[in-house]
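Shown next, in structure tokens, is the structure this report addresses.
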Ligand SMILES: NC(=O)c1ccc[n+]([C@@H]2O[C@H](COP(=O)([O-])OP(=O)(O)OC[C@H]3O[C@@H](n4cnc5c(N)ncnc54)[C@H](OP(=O)(O)O)[C@@H]3O)[C@@H](O)[C@H]2O)c1
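In the working numbering, the protein residues as written are 138 to 399.
Structure below.
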């Protein structure tokens, strides 16, 4: 039975770049996201360029019923998943009390619940088989509170801590767990969160391809924590040496400088 890497949020940005980097190494893929036309195009292109099998599943992971359907199909099918990449994630920008609850609920369902459910379901199968690898995508945001993006920052802290915990738990079952913490990266993320990056120059953002390349190399070495780029590593270390009141105040000031897209 051929093995596949399942990647969520593979229709754009970091997920798409990871899909390409893995296909380049000859990995078969299962791509998951909501936009069918994008997935169709990407699957056809990667299959043609790299001669690998690329399947896709259209699923809104923030909808528990759709996620159950996907898990059921994976359980019933004869696909062997040897790498799970939990990449799909969204952000919201502005004070929590100013957000529509439906957007906040979607963030929580996708960034935390769906990711945990996929770790549980696919991690259980991997543990039974005594092998497998899981990569969860958190963020440098995981290392500090983020006023005006409070729920997003908190969701990434959850992903970081969950992943580090799972790494220790699953070690004795032969399953490897890593967590990727990118810094600001060029993608549709900011537009989707309705953010205008006036203060952050485009040149300061990493490309999704660069993040993906660093990540696949780090996965080969089974690194626990993958933080691409020295600037981003600095961002994760600095909060440890500063008082918490200063960290949250500085983070709030920086995030507030970003403006809402019209
Ligand atoms: N960009 C950054 O600066 C940055 C920094 C740190 C961490 N990250 C994290 O990196 C991950 C990828 O983000 P990105 O920057 O690549 O953003 P992106 O380009 O907006 O990609 C997000 C991906 O998630 C999918 N997605 C969104 N909602 C979904 C849902 N409900 N169900 C299934 N798939 C869904 C999107 O596809 P569809 O629209 O087709 O569903 C898309 O493929 C996220 O977890 C994000 O938090 C990003």
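Ideal placement from N, C-alpha and C gives every residue a C-beta, glycine not left out.
With 7 Å as the threshold, decide whether the Cβ of residue i is near any Cβ in chain D.
| i | result |
| --- | --- |
| residue 226 | Note that chain D does not occur in the displayed structure, where there is just one protein chain. |
Look up residue i in the DSSP assignment and give the residues it is bridged to.
| i | result |
| --- | --- |
| residue 308 | None; residue 308 has no bridge partner. |
| residue 343 | 322 |
| residue 194 | 169 |
Once the 5 residues before and after residue i are set aside, which same chain residues still bring their CB inside 6 Å of it?
| i | result |
| --- | --- |
| residue 140 | 217 and 219 |
| residue 344 | 323 |
| residue 142 | 159, 164, 166 and 220 |
| residue 193 | 168, 176 and 180 |
| residue 355 | 363 |
| residue 293 | 275, 276, 278 and 279 |
| residue 295 | 249 |
| residue 300 | 273, 314 and 316 |
| residue 297 | 275, 279 and 316 |
| residue 351 | 365 |
| residue 258 | 208 |
Does DSSP put residue i in a helix, in a strand, or in coil?
| i | result |
| --- | --- |
| residue 300 | helix |
| residue 220 | strand |
| residue 227 | coil |
| residue 176 | helix |
| residue 208 | helix |
| residue 317 | strand |
| residue 140 | strand |
| residue 87 | Since the first and last residues shown for the chain are 138 and 399, residue 87 lies out of range. |
| residue 214 | coil |
| residue 199 | coil |
| residue 380 | coil |
| residue 366 | coil |
| residue 349 | helix |
| residue 163 | coil |
| residue 234 | helix |
| residue 277 | helix |
| residue 188 | coil |
What span of residues does the alpha helix (DSSP H) with residue i cover, start to end?
| i | result |
| --- | --- |
| residue 273 | No alpha helix (DSSP H) holds residue 273; the beta strand (DSSP E) holding it covers 269–274. |
| residue 148 | Residue 148 -> no alpha helix (DSSP H), and no H or E assigned at all. |
| residue 359 | Counting along the chain, residue 359 falls outside any alpha helix (DSSP H), and DSSP gives it neither H nor E. |
| residue 255 | 252–266 |
| residue 245 | 238–245 |
Ignore the nearest five residues each way along the sequence and tell me which others in residue i's own chain have a CB closer than 8 Å to its CB.
| i | result |
| --- | --- |
| residue 144 | 152, 155, 156, 159, 166, 167, 168, 169, 222 and 224 |
| residue 380 | none |
| residue 372 | 277, 280 and 320 |
| residue 376 | 280, 281 and 384 |
Near residue i, what residues of its chain come up, given a Cβ to Cβ distance below 7 Å and the 5 sequence neighbours on each side ignored?
| i | result |
| --- | --- |
| residue 325 | 149 and 150 |
| residue 362 | 316 and 318 |
| residue 267 | 310 and 311 |
| residue 138 | 215 and 217 |
| residue 189 | 160, 163, 164, 165, 166 and 183 |
| residue 368 | 320 |
| residue 264 | 307, 310 and 312 |
Check whether the segment 237–252 touches the segment 191–205, counting contact only when three or more Cβ pairs, one atom from each stretch, lie closer than 8 Å.
-> yes
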